[in-house]
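Everything on this sheet refers to the single structure shown next.
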Amino acid sequence: MDTEHIVIAGGGLAGATAAKTLRAEGFEGRITVVCAENETPYLRPPLSKEFLLGKAAEDTVPVVPPGWYQENDVELLLKVAATAIDRGAHAVQLDSGSELRYDRLLIATGAQPRRIPLPGSELEGVMTFRTLNDSRGLKEKLSGGGKKVVMIGSGWIGMELAAAATEYGNSVTLMGLEDVPLSIAIGPELGAYFRGLHEKRGVQFRLPASAAEVRGDDGRAQAVVTNTGEVLPADLVVMAVGVAPDTALAEAAGLDIKNGILVDSSLRSSDPDIFAAGDVANALHPFTGEHHRSEHWHNALNGGKVAAKSMLGQDAVMDVVPYFYTDQYDASMEYSGYATLAAGAEPVVRGSLEEGSFIAFWLRDSTVVAGMSVNQQRVQKPIKALISGRVTVDAERLVDTSVPLDDFLPKG
């Protein structure tokens with residue numbers, strides 16, 4: 012393997028973690044990471060949280076220190092994109108005009124933010140949010156305070172950005188297609204808890220509502236018109252309406268595509284020498300027997316590790332319990348579990364929503380399939396153990412705070 016070449020198309024967390032894992036596992040061959048952005052691979056969660064709020068410096072964002080690549084003989088190509096794959100020749104074409112031959116290829120191209128094709132969406136002051144540069148720009152716009160911000164999108168990113176904008180002293184109006192924010196993800200009761208956090212800080216909601224037009228003057232946005240005709244004054248409009256997996260490279264190469272690149276539990280695609288990890292991969296999960304595509308950093312981190320080991324011929328599978336977190340104002344939330352299994356199940360709550368410290372569990376056939384903790388310390392480990400162990404629980408006892416969570420786990 013010391014003469015082989017592994018090419019990683021995509022310079023995010025999955026790609027950088029794969030490169031790091033390849034070296035940690037003893038791979039001595041050539042590694043090339045192709046990164047479309049002119050940025051050393053970085054972590055995305057801080058972009059809408061600590062970094063955006065000025066609580067984390069920019070040097071905390073890279074996946075590994077910038078000097079790591081040279082020190083570990085990993086070729087990092089910045090501001091270069093992979094444009095085509097010649098599977099027969101085992102070659103990747105680059106927009107620089109050059110070509111990379113590979114023995115194995117990892118596609119970690121991530122996802123692209125959705126942009127609503129609204130009249131006026133081209134005006135200055137209308138933006139999407141995905142990259143480090145987006146976060147830099149938004150921080151600059153928000154940090155002075157005093158702006159009217161219209162947030163389009165009531166999912167996790169929209170809510171996090173609304174919190175950051177409010178903490179900087181801006182007035183925020185948030186709109187979305189749900190009756191309650193986050194209700195698709197966690198249900199109306201828990202979504203209402205997060206809505207309450209924002210309303211206490213002055214955020215106004217327009218739900219359900221959609222944007223019909225952005226109005227402006229002299230090339231700048233000044234207002235958003237809703238589908239009901241309401242005019243919302245706006246100095247800044249942020250579209251936070253989700254992302255789409257960036258499958259163009261894989262699709263053009265003829266790989267199997269379905270809501271991302273279809274891969275097995277070892278992250279191998281329909282081509283045995285091509286793997287996929289991160290936001291772009293729709294992976295078979297051993298726990299559910301179904302394909303799952305996740306847009307959270309935990310998936311990218313573990314996917315990069317699994318893909319690297321699989322490319323080295325090791326017996327590695329993507330079997331970790333999915334996890335993500337959010338921070339909004341003084342609420343710190345962590346979620347572990349399977350959203351597809353939790354869908355339709357009513358959560359049971361351990362603790363108090365009113366006091367802002369609780370765990371919500373989703374049960375199916377008396378087993379925990381997902382658990383969300385808010386302002387609770389060191390509870391995610393037992394929650395994950397309950398899920399992965401398929402432990403049968405009594406719901407009434409589970410929500411009894413006098414019973415330690417560890418009591419539900421098998422002994423020994």
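In our numbering, the protein residues as written are 12 to 423.
Ideal Cβ placement from N, Cα and C applies to all residues, glycine included.
Since this is a predicted model, take the numbers as computed values, not measurements.
Could you please give me the residues that DSSP links to residue i through a beta bridge?
i, result
"Asn293", "Leu273"
"Ala25", "According to DSSP, Ala25 bridges with nothing at all."
"Glu224", "Val236"
"Trp373", "Ala381"
"Asp97", "Ala102"
"Pro73", "Tyr53"
"Val191", "According to DSSP, which records beta bridges pairwise, Val191 is partnered with nothing at all."
"Glu135", "Arg231"
"Phe286", "Leu117, Arg279"
"Lys159", "Ser182"
"Ala68", "Looking at the DSSP assignment, Ala68 forms no beta bridge with any residue, so it has no partner."
"Pro244", "Ala234"
"Thr403", "Thr378"
"Pro256", "Ala122"
Residue i lies in the beta strand (DSSP E); which residues open and close that run?
i, result
"Arg231", "231-237"
"Tyr336", "334-339"
"Glu301", "301-303"
"Gln104", "102-105"
"Tyr346", "342-348"
"Phe216", "215-217"
"Leu88", "85-89"
"Glu110", "110-112"
"Ile42", "41-46"
"Arg126", "Where Arg126 is concerned, there is no enclosing beta strand (DSSP E), given that its DSSP letter is neither H nor E."
"Pro415", "That residue, Pro415, is in no beta strand (DSSP E); it is neither H nor E in DSSP."
"Ala92", "Ala92 -> no beta strand (DSSP E), and no H or E assigned at all."
My guess is that residue i and residue j are in contact by the Cβ rule of under 8 Å, so how many angstroms apart are they, rounded?
i, j, result
"Phe372", "Val390", "Not a contact, Cβ separation roughly 11 Å."
"Val72", "Phe62", "6 Å"
"Gly314", "Ala95", "About 23 Å; that fails the 8 Å criterion."
"Ala311", "Ala288", "7 Å"
"Ile127", "Glu86", "No, Ile127 and Glu86 are not in contact; Cβ-Cβ is about 38 Å, not under 8 Å."
"Val191", "Arg206", "6 Å"
"Thr32", "Ala319", "4 Å"
"Asp284", "Leu89", "Incorrect: roughly 25 Å between the Cβ atoms, too far for contact."
Please state if the CB of residue j and the CB of residue i are separated by a distance shorter than 8 Å.
i, j, result
"Leu208", "Ala342", "yes"
"Gly180", "Gly157", "yes"
"Gly271", "Ala119", "no"
"Phe140", "Ala67", "no"
"Val225", "Gly300", "no"
"Val91", "Asp106", "yes"
"Asp267", "Ser280", "yes"
"Leu243", "Val235", "yes"
"Ile17", "Gly40", "yes"
"Ala93", "Val45", "yes"
"Pro256", "Ala122", "yes"
"Gly169", "Met162", "yes"
"Val214", "Met138", "no"
"Val332", "Ser399", "yes"
"Met344", "Ser384", "yes"
"Ala173", "Val183", "yes"
"Ala222", "Leu129", "yes"
"Leu64", "Glu178", "yes"
"Val404", "Val379", "yes"
"Arg125", "Gly253", "yes"
"Thr28", "Lys316", "yes"
"Thr237", "Ala263", "no"
Could you give the residue range of the alpha helix (DSSP H) that holds residue i?
i, result
"Met170", "167-178"
"Met329", "That residue, Met329, is in no alpha helix (DSSP H); it is neither H nor E in DSSP."
"Ser321", "308-322"
"Pro393", "391-399"
"Ser363", "From DSSP, Ser363 is part of no alpha helix (DSSP H) but of the beta strand (DSSP E) over 359-363."
"Glu200", "199-210"
"Leu149", "143-153"
"Leu409", "406-409"
"Ala263", "259-263"
"Glu82", "79-82"
In whole angstroms, give me the CA-to-CA distance for residue i and residue j.
i, j, result
"His303", "Arg98", "25 Å"
"Ser347", "Gly367", "19 Å"
"Ala261", "Thr51", "23 Å"
"Ala232", "Val291", "33 Å"
"Glu306", "Tyr53", "15 Å"
"Tyr204", "Lys60", "19 Å"
"Gln81", "Leu188", "47 Å"
"Arg401", "Leu323", "31 Å"
"Asp338", "Pro421", "32 Å"
"Gly240", "Asn49", "41 Å"
"Glu171", "Phe335", "13 Å"
"Asp282", "Asp326", "18 Å"
"Gly160", "Ile19", "Residue 160 is actually Val in this sequence, not Gly. The straight-line gap from Cα to Cα measures roughly 38 Å."
So that I know if they touch, is there some Cβ in chain C lying closer than 8 Å to that of residue i?
i, result
"Leu153", "Considering every chain present, this structure includes no chain C. It has just one protein chain."
Would the C-beta of residue i count as close to the ligand ATP, meaning under 7 Å from any of its heavy atoms?
i, result
"Ile195", "You won't find the ligand ATP in this model; it holds no ligand whatsoever."
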